[in-house]
Amino acid sequence: MQRVNYPTAYLLWALSIFGVCGIHRLYTGRILSGVIYLFTFGIVGFGQLIDLFLIPGMVDQRNQELLRLQGGMNPVIMPVIAQSRVVEAPRPTQESSPMQKLLRAAHEYGGILSPAQAALSTELDAAQLRELLYEAERLGYVETTNDPVTGAIRYRFDL
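Counting from 1 along the sequence shown, just add 324 to a position and that's the residue number in my numbering.
Here it is in structure tokens:
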């Protein structure tokens, strides 16, 4: 198999010392930019200097393209072959926890709950609800905000 290697690319890059810039780009398959570099002296030397650090990536990319061509695959379209398994989570047989009730209610209301909606969905008293919301906020599930129009407290869930 034909391969592009690092030492050759760096040696071709070094030809820029003699005013021949962009040959390393031609070698790594970047024909258009190689010709531009050739006629602009490596974009006045700045492009050549930057390419000193980009050569490993160019060589790796060219080798991948050659590998795909060797296998008869189009270099633009690379198939993704993945093996997937559908695993269904077991359904809990016991009653849902207050946190689960709160998260389900938030999902039903589009991710934003008022304190009354939270109390109604969890069936907790005010003190227990406050503790539950503090715990949800500590876990990063919810953010306490204010309604922009009324100023009322709203709990915005990250669902």
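Cβ coordinates follow ideal geometry from the N, Cα and C atoms, glycine included.
Name the two residues that bound the continuous beta strand (DSSP E) containing Arg354. Careful: Arg354 lies outside any beta strand (DSSP E) and carries neither H nor E.
Can you tell me the Cα-Cα spacing of Ala333 and Gly369, whole angstroms? 17 Å
Please report the distance separating the alpha-carbon of Met382 from that of Gly475. Take the alpha-carbon of Met382 and the one of Gly475: they are about 56 Å apart.
Neighbour-count burial assignment, Thr469, 16 or more Cβ in a 10 Å radius: exposed
How would you label Gly343, buried or exposed, when you count the other beta carbons within 10 angstroms and need 16 or more for buried? exposed
Assess contact between the region 442-449 and the region 382-394, defined as three or more Cβ pairs (one per stretch) separated by less than 8 Å. Is contact present? no
Can you list, in chain order, the residues of its chain whose CB lies under 6 Å from that of Gly435, leaving out five sequence neighbours each side? Phe481, Leu483
Where DSSP assigns a beta bridge to Val328, which residues make up the other side? According to DSSP, which records beta bridges pairwise, Val328 is partnered with nothing at all.
Tell me whether Pro472 is buried or exposed, calling it buried when 16 or more other Cβ atoms sit within 10 Å of its Cβ. So Pro472 counts as exposed.
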